[in-house]
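Asks:
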Amino acid sequence: MALLTTLFAFLYHLPQVYKWLLKPYYVASLFMSIAFLAVRKTPGICDQLNTQREDGNPCDFDWREVEILMFLSAIVMMKNTTTITVEQHLGNIILFSKVANVILFFRLDIRIGLLYLTLCIVFLMTCKPPLYMGPEYIKYFSDKTIDDELDRDPRVTWIVEFFANWSPECQSFASVYADLSLKYNCAGLKFGKVDIGRYGEVSKKYKVSASPLSKQLPSLVLFQGGKEVMRRPQVDKKGRAVSWSFTEENIIREFNLNELYQKSKKLNKSKGDKLMQSQFPPVPEEDEPEQPGTPAEEDVVESKKDK
1 MALLTTLFAF LYHLPQVYKW LLKPYYVASL FMSIAFLAVR KTPGICDQLN TQREDGNPCD
61 FDWREVEILM FLSAIVMMKN TTTITVEQHL GNIILFSKVA NVILFFRLDI RIGLLYLTLC
121 IVFLMTCKPP LYMGPEYIKY FSDKTIDDEL DRDPRVTWIV EFFANWSPEC QSFASVYADL
181 SLKYNCAGLK FGKVDIGRYG EVSKKYKVSA SPLSKQLPSL VLFQGGKEVM RRPQVDKKGR
241 AVSWSFTEEN IIREFNLNEL YQKSKKLNKS KGDKLMQSQF PPVPEEDEPE QPGTPAEEDV
301 VESKKDK
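Using full-length UniProt numbering, the first residue of the sequence shown is number 1, and each one after it goes up by one.
1) Who does Trp158 pair with in a DSSP beta bridge?
2) On a CA-only basis, which of Ala100, Met77, Tyr140 and Asp151 is nearest Tyr177? Give me that one, please.
3) What first and last residue would you give for the beta strand (DSSP E) that runs through Phe141?
4) Does Arg40 pass the burial test, meaning 16 or more other C-beta atoms within 10 Å, or should it be called exposed?
5) To the nearest whole angstrom, what separates the beta carbons of Phe191 and Tyr137, a pair I think is in contact under 8 Å?
6) Give the single residue among Leu257, Gly225, Phe255 and Ser209 whose Cα lies nearest to the Cα of Val235.
7) Report yes if the CB atom of Leu131 is closer than 9 Å to the CB atom of Gln171, and no otherwise.
8) Cα-Cα, which of Asp179, Val160 and Phe96 is closest to Val76?
9) Inspect the beta-carbon positions of Val229 and Gly188 and report whether they are closer than 9 Å.
10) Going by other Cβ atoms of all chains shown within 10 Å of its Cβ, with 16 needed for buried, is Gly239 buried or exposed?
11) Looking at the structure shown, is Ala174 part of a helix, part of a strand, or coil, going by DSSP?
12) How many Å lie between Trp166 and Gly226 at the Cα?
13) Just how far apart, CA to CA, sit Pro218 and Glu259?
14) By DSSP, does Met230 sit in helix, in strand, or in coil?
15) In three-state DSSP terms, what is Val27?
16) May I ask which residues mark the beginning and end of the alpha helix (DSSP H) holding Ser203?
17) For Trp158, which residues of its own chain have a beta-carbon under 7 Å away from its beta-carbon, when the five flanking residues on both sides are left out?
18) Helix, strand or coil for Val208? Go by DSSP, reduced to three states.
19) For Leu220 and Lys266, what's the separation of their Cα atoms in angstroms?
20) Using 8 Å for Cβ pairs, my map puts Leu49 next to Pro58. What's the rounded Cβ distance?
21) For Met55, count the other beta carbons within 10 Å of its own beta carbon; 16 or more makes it buried, fewer makes it exposed. Which is it?
22) Name the residue from Asp109, Gly134, Ala74 and Leu119 whose alpha carbon lies nearest to the alpha carbon of Ser181.
23) Does DSSP classify Ala164 as helix, strand or coil?
24) Given a cut-off of 9 Å on the beta-carbon distance, is the pair Val194 and Val160 in contact?
25) Taking DSSP as the reference, what is the three-state secondary structure of Val242?
26) I'd like the span of the alpha helix (DSSP H) that includes Asp151, first residue to last.
27) Near Cys120, which residues of its chain fall below 6 Å by C-beta distance, leaving aside the five closest residues on each side in sequence?
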């Protein structure tokens, strides 16, 4: 079932996959992921490699290599059952393919294994996955602006993502968060982001760990009237983050986005009415003209006095 889900997700997003694979990061990652396969199957190179096959054919996988590759496939399928975007699917495949390549190359020849491991470390330090650059309605905060913005208007509800650019989970979540901002952003419901990897004081104040081992990245916090109302993932008494899936459906349900959006539209309307009143002040009412042939009140009073 997990394999079918992964396959259908891949086929559905195939046009986007082609677009991502053309980026330098993914092109280089793809070549590194299939490095052992290319070496083992390339004529002229595979002839010089060691093998444990009974027939002595060095250009085919031996039983141990097949076992390692099958174990890799099982791990990738298990990890992909909890992923929410195609970027995460590709990231898991690339990551575990490189791990399998390291093991296979070391088993084949320790010198080739060391060379491949060095290339992986250099690639990790110099190349980063491309950041999301699509449309969004998100305000980016710094350590000097976040408090002022949250306290500016107590009627405005804020959903703020605490993230770090180096976190793969944050990079994968960027497109999901951007889509939510496009659907639900309005005058009374706004979306913000702050990079706690860059602003350490914000990380301490709002108690979101920016450690590389942290399970709190990304963190979504709901603010109303400048005060925190809820956050995901939750943090237990020992300071450990409770596992939570950052899917669009989970966020809409947990943060009651549909209800918040309906309330925020009322704020939109009230602001619009006030603006119209300020631009077009009400016209003062004029006294109604007297009907012809009808005496005024004073004439009626005088006629009573005469009688």
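Idealized CB from N, CA, C, for every residue including glycine.
Replies: Inspection of the coordinates gives the following:
1) Lys190 and Phe223.
2) The shortest CA-to-CA distance from Tyr177 to any of Ala100, Met77, Tyr140 and Asp151 is the one to Tyr140.
3) In the DSSP assignment, Phe141 falls within the unbroken beta strand (DSSP E) covering Ile138 to Phe141.
4) Result: buried.
5) For a cut-off of 8 Å, the C-beta gap from Phe191 to Tyr137 is around 6 Å, short enough to register as a contact.
6) Of the candidates Leu257, Gly225, Phe255 and Ser209, the one whose C-alpha sits nearest the C-alpha of Val235 is Ser209.
7) Contact annotation: Leu131 and Gln171 have beta-carbon atoms nearer than 9 Å.
8) Checking every option, the nearest Cα to that of Val76 belongs to Phe96.
9) Cβ atoms of Val229 and Gly188: not closer than 9 Å.
10) Exposed, since its Cβ has fewer than 16 Cβ neighbours within 10 Å.
11) Three-state result, Ala174: helix.
12) The straight-line gap separating the alpha-carbon atoms of Trp166 and Gly226 is approximately 28 Å.
13) Those two C-alpha atoms are separated by around 24 Å.
14) The answer is strand: DSSP assigns Met230 an E or B state.
15) Helix.
16) Gly200 to Lys205 is the extent of the alpha helix (DSSP H) around Ser203.
17) So the qualifying residues of the chain are Leu150, Lys190, Gly192 and Phe223.
18) The answer is coil: DSSP assigns Val208 none of H, G, I, E or B.
19) When rounded, the separation of the alpha-carbon atoms in Leu220 and Lys266 is 24 Å.
20) Between Leu49 and Pro58 the beta-carbon gap is near 5 Å, inside 8 Å, which marks them as a contact.
21) Position check: residue 55 holds Asp in this sequence, whereas Met was assumed. Burial call: exposed.
22) It is Gly134 whose Cα lies nearest to the Cα of Ser181.
23) In this structure, Ala164 counts as coil in the three-state DSSP scheme.
24) Their beta carbons are under 9 Å apart, which means Val194 touches Val160 by this criterion.
25) Here Val242 sits in coil by DSSP.
26) From DSSP, the alpha helix (DSSP H) with Asp151 extends over Ile146 to Arg152.
27) Taken in chain order, the residues that qualify are Lys98.
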